[in-house]
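The block underneath contains the structure these notes are about, expressed in structure tokens.
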Amino acid sequence: MSTIQFQPLDVHQVPLAGRNLIEASAGTGKTFNITGLYARLILGATDATATPRFDLSRALLPEQILVVTFTKAATAELKDRIRTRLAQLAQTLAERTPFAVNGEPEAFCSQVWQQITEQGQDPAPLLEQLRLALATLDCAAISTIHSFCQRLLTEQAFEAGFDFDRTMVRDESEVLAQIARDFWRSDVYPAEVSWATYLAEHNITVDTLARLASQLAKLDPAVLLPLPAASTLEQIEQRWQAALARCHQSWQPTEVAAILRAGLSVQKFKKTAKLDFAAEPAWLDQFAAFFAQPKQPLPRQFALLAQSKLNDSLLAKFVKQGDMPPQHAFFTALDDLLDSQKSRDADLELYFNHWLLRFGEVVRQQLALRKAQAGQMSFDDSLTMLARALRDPQRAEHLIAKVRLKYRAALVDEFQDTDPTQFTIINSLFGATSDQAEPLPFFMVGDPKQAIYAFRGADVYAYLHAREQASGRYSIDTNYRSDAPIIAFVNALFAPETAFIEEKITHPHIQAKQAGASKLQVRDERKAVHAFVFDGYKAAKAEQLCHQGVAQEIANLLRLAQAGHAQLGERALAPGDIAVLVSSHQQASQMRRALSDLGVPSVSQSRQSVFDSDEARGLLALLQAANEPANSALLRRALVSSIVGLSVPQLQALIADDAAWLAQVERLQILRDEWRKAGFMVMFRRWLVESRTPARLLAFADGERRLTNLLHVAELIQNETRARPSPALLLAWLDRQVAEPDHSAESQQMRLESDADRVKIVTIHASKGLEYPIVFCPYAWKTRTELVRDQQLVAFHDEHEQLWVDAGTSERAAAIDRAQFEAKAEQMRLLYVALTRAKHRLYLAYPAFEKLHASSKSGMQNAPLAQVLYHEQKPLNTQIGECTLDEIQAAFTQLGDVSVSAWPIERAAYQPERRTQQKLSAAVWLPRPLAAPWRMVSFSGLSRGQAKHSESGADHDAAAIEAGATQLAPDLPLRFTFKRGADAGTALHGMFEHWDFSQVDRQGWQIPIAAQLQRAGLLAKDADLAEQDEGMLPELANWLGEVIDTPLGNVGFALRDLSKKQRLNEWPFLMHCPKLNLAAFCRVLAQPEFGLPAEFIAASSRLKPEQAQAYLNGVIDLVCIHQGRYFIADYKSNYLGADFADYGRAALTEAMADAHYYLQYLLYVIAWHRHMQSRMGDAYDYQRDFGGVLYLFIRGMHPQAGENGIWFDKPSAALIYALNQALGGV
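Taking UniProt numbering, the leading residue of the sequence shown gets 1, the next gets one more, and so forth.
The following block contains the structure:
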């Protein structure tokens, strides 16, 4: 039982200081109170006894108030609600009267206005403060916990010891899979056969390790329960071989055969004996074969002939009374061998547990190392890095001081969803300390009864711990959502102190704000809570009855609404007013079909990943086939997928028609070429239009759902193309997402397929925070029999609420029991969340069966509804399966005014009213010509004579790399034989971008090199082929090392001399060009006084004249500073020949002209020139501060090859000024 005492919350009176916790039950206006606290902080509210009540010297601005919640959607909603609250208050002060809603004064504004007027305070300064807050609300610090930590690490990088030059990665699966493969190769390949056999028998593969890697990467070793010491594989095998040898020594085939035959001759064995001694010759052959080559598992007969079996079980079952079982040393030795086998199995299991934890250590070490070398971090890293900094006393002191100076108050919403790391961070930064005269206002708002996200890592015990530490504890006891009968029902259902299983979580008595008649009025039905029961049906049909009963009742309600007998306020009840809450996606699908059968429109909403859909699997099949058009197996799978939809007869007919089959292959070839040329989305859109897939999908009853899923998956794939530009790498990523969808990722969660007026089918997790006029909870009577699967790692909390993980200790059974207890408690909280979504009417279901199968009884016994419904009656194991309709009715009616009846079984469909569509008039023609739009252009577009929209501006050397490809001698250096093409160029650029040039150990370079090759799809997916590709890493590292060691001509340095602080990698720019005139630009290039090579001038004459108002964007590979001068560098992997001499000045000039690289570097210089002018003003001098441009053709660079591969130029200041004017600059 919880002994924590709470004070009723008065948002207008609560002191704005110290560490406070507000426990807000469902529907009690949590967001209302958060926005109220925020508004009081903005106005500088003082204590209730202070004068004035609002002191602007204490007032804060939005950027000084940190508001943290746990999802992006909640962040957006909270910001909108805060803006609305401040606007209402501003209107109140401006009009000198409380803001009104539906003619009634809004409660919060009224109270604030009363406090101002009671003390005669001038509202004008307060109004100005509110207007300032509204004007700067876009700067408000309202974010998710991950975003806050990431921003804090960046802003306070020095105090936190954080390397801010890191990029954020969302998906670590590639790196984790590579770590798993590396570990498997190094550990399993050279292992003993017995160990490999054990792994194979238990279905442990490299893919198993890859799946476990993510869980192990997040595992804190400090919470692992210590395992007992394990024997080595050698020791285990020695003991096993010794037992085999002993058994073999006692093996006397002649004697054993004689005993068996003697036993048969005297007929000691009963005729019912299952020992087939008649097959004795075959037995002897099997025994002999085993001892000749021992293997696992042991022959079945070994267990049957063990002496203990013969003495005990067989004596009673198979041997006639008065006779003795056969006796022999071999039978006794079999006992020893079987015991040794059990010991060996136990030893191998313990060894496996240690081995898995060792793999976890490798995962954590290698993941951190590889991300550091690649300059990457994940969202979880932002939490762990900040928590680590706060554990360091020296860093923590400075970091906390900086944070508290910036944020003068903190509000944390949905605090029950925190985990221990998040609580440590928030509490360390904003919790009260002894040296503070007045602690910062710190409010934690949450409800432990709604803690339902353990699968995401949320820990309700972290909330309970925070609650104990809070100096002020408040609760809200009035429900503003639900009608009084529903509140009374929930109060009664959860009234027992043990209702929520976890004794520290209890349900306070909640008052109803909504008094009087309900807004929902249904003919002859006044009760708000309805319990439907299954009476007289078999349990196997229960769930089917749920689907049909809910659908029928909804159809009945909607038909009543059409007849004017079901009203919600002043309008008829509509489908969108009804929600059906389900526990699984399977239940959602079944419910949707049942509603569709009766003509009821519905829409699904869940937190299910869209990758866990037929459309995702179908698109994967289609893309795999498009990537390999000649692979007939992939094509067949794509054709029968859900998004193409051929039937088996149609596929057979297609295969039999050679011309039609060839047409399909050619169509895929076109898609493949389009994909490689123009990118994924262009190819996808082409297929979508040509195949008429949208129309075909929309013909299905759930067509909108199917089409929404398909477009959603395509959007996610497109978002991933920047990180994985090659089709091979993109497909590998998509394959992983489909195989292991992440249901916790917000971006992956299925979207609503329609905003039309439809019944909502919602998972309970997705319904949290929402409300619906009518709610159906038809599945609360059932749950999984085992809530906790016997997983390898079992997490649980001990009696001190300390988190532990059991990986196979002797106390594993107790750990599973405790984890099961916690899972049951969360199931109860899920029930609470479901029931409290209802505003006006709540429907439940419960079975009344005469007989239940044991598994069905167990499932119902564990169900949360059964737990609370019968908590004070006889034990559930006897109650379930024996309850009658009358007993169920009694159980429900004692909880309040509940209507209990049987499910409606009549079949009556609902016919939605057809709405007439308003005819659209023709568009009005405007003869006035429209001004040419501003456009986004890049070097690539200009050099092709185009000014198309450019997404990134990155100008990697894609097309030129392909030129001149020939068959090269295999003994040439890798620099001349390395793959060509856009993917290779992207990989090489990535290596230089993420590389620390000052790193001496070239062995360490191989990890980031491999990461870039993997990212570009240049490492084979197959493990063996990948191993061959990775064999080139040392030579590739050596080549790139020679590049950075090469002196860069007369500039006086090599890349090796540049520290990370001297480099800007991939510097993006966006340059305003109001008068972009490419013809004028080229005319400037041709002027003799600028001395450009004739090749450049000739090449510029081939460019298509272009005039536009544009923004020119691009990305410069490297901007560096050396001895006070800035240099621009661009890496080029163009193949110009297989000899260093092919990369001399003349060859480079020709290559620069052919690819218009002169245009590229001049645009780069102008962009940097403008940047320096804007930053330094008159202190900038181009001639003094700019060192020049380096184009590094890396295939031709070597420390002993002089200036080969290096093209250097410093354009004159006069040329840059003239070109800048041609672009509309000054």
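In this text, a Cβ means the ideal position worked out from N, Cα and C, and glycines have one as well.
Pick helix, strand or coil for residue i, following the three-state DSSP scheme.
i, result
"residue 1186", "strand"
"residue 1152", "helix"
"residue 683", "helix"
"residue 750", "coil"
"residue 465", "helix"
"residue 375", "coil"
"residue 240", "helix"
"residue 406", "helix"
"residue 1025", "Summary for residue 1025: the model assigns pLDDT 44, below 50, so the residue's position carries little reliability; its value from the coordinates is reported in the next sentence. DSSP places residue 1025 in helix when its eight states are reduced to three."
"residue 527", "coil"
"residue 965", "Confidence at residue 965 is low in this model, with a pLDDT of 41, below 50, so its placement is unreliable and the value that follows should be read with caution. The answer is coil: DSSP assigns residue 965 none of H, G, I, E or B."
"residue 416", "helix"
"residue 1195", "helix"
"residue 1203", "coil"
"residue 481", "strand"
"residue 1005", "helix"
Which first and last residues belong to the beta strand (DSSP E) in which residue i is found?
i, result
"residue 796", "794 to 797"
"residue 207", "That residue, residue 207, is in no beta strand (DSSP E); its alpha helix (DSSP H) goes 206 to 217."
"residue 773", "772 to 777"
"residue 1096", "Segment 1094 to 1100 is the alpha helix (DSSP H) holding residue 1096; no beta strand (DSSP E) there."
"residue 474", "472 to 476"
"residue 601", "Element bounds for residue 601: n/a, residue is neither H nor E."
"residue 976", "Per DSSP, residue 976 belongs to no beta strand (DSSP E); it is in the alpha helix (DSSP H), 974 to 977."
"residue 521", "520 to 522"
"residue 68", "65 to 69"
For residue i and chain C, any beta-carbon pair shorter than 7 angstroms?
i, result
"residue 541", "Although the question refers to chain C, the structure presented lacks it and comprises just one protein chain."
Are residue i and residue j touching if we call contact CB-CB under 7 angstroms?
i, j, result
"residue 1059", "residue 1100", "no"
"residue 1049", "residue 1127", "no"
"residue 462", "residue 500", "no"
"residue 629", "residue 668", "yes"
"residue 743", "residue 379", "no"
"residue 571", "residue 771", "no"
"residue 153", "residue 162", "yes"
Start and end of the alpha helix (DSSP H) containing residue i?
i, result
"residue 184", "173 to 187"
"residue 547", "542 to 562"
"residue 1132", "First-last for residue 1132: 1125 to 1132, but that is the beta strand (DSSP E), not the alpha helix (DSSP H)."
"residue 791", "Unbroken run through residue 791: none, as it is neither H nor E."
"residue 409", "Premise fails: residue 409 lies in the beta strand (DSSP E), 409 to 412, not in any alpha helix (DSSP H)."
"residue 84", "72 to 95"
"residue 31", "30 to 43"
Considering only the alpha carbon of each residue, which of the options lies closest to residue i?
i, options, result
"residue 624", "665, 604, 587", "665"
"residue 373", "1006, 188, 1223", "1006"
"residue 86", "1080, 360, 1206, 35", "35"
"residue 739", "27, 210, 57", "210"
"residue 479", "699, 27, 1113", "27"
"residue 733", "1212, 821, 617", "617"
"residue 823", "800, 802, 835, 794", "794"
"residue 982", "887, 975, 1133", "1133"
"residue 865", "747, 781, 792", "781"
"residue 495", "502, 485, 509", "509"
"residue 676", "626, 657, 639, 690", "626"
"residue 1157", "1190, 751, 1172", "1190"
Hey, which unbroken runs of the alpha helix (DSSP H) at 4 residues or more fall wholly within the region 603 to 665?
-> 614 to 627, 632 to 639, 648 to 656
Entirely enclosed alpha helix (DSSP H) segments - the region 99 to 174, minimum 4 residues | List check, alpha helix (DSSP H) in window: 107 to 118, 123 to 135, 145 to 155, 157 to 160.
4 or more residues per run - each alpha helix (DSSP H) lying fully within the region 1033 to 1096 | For the region 1033 to 1096, whole alpha helix (DSSP H) runs of length 4 or above, ordered along the chain, are 1033 to 1045, 1078 to 1085.
Quick one: complete alpha helix (DSSP H) runs, 4+ long, within the region 693 to 767?
-> Along the region 693 to 767, the alpha helix (DSSP H) occurs as fully enclosed runs of 4 or more residues at 693 to 698, 703 to 720, 727 to 739, 764 to 767, listed in sequence order.
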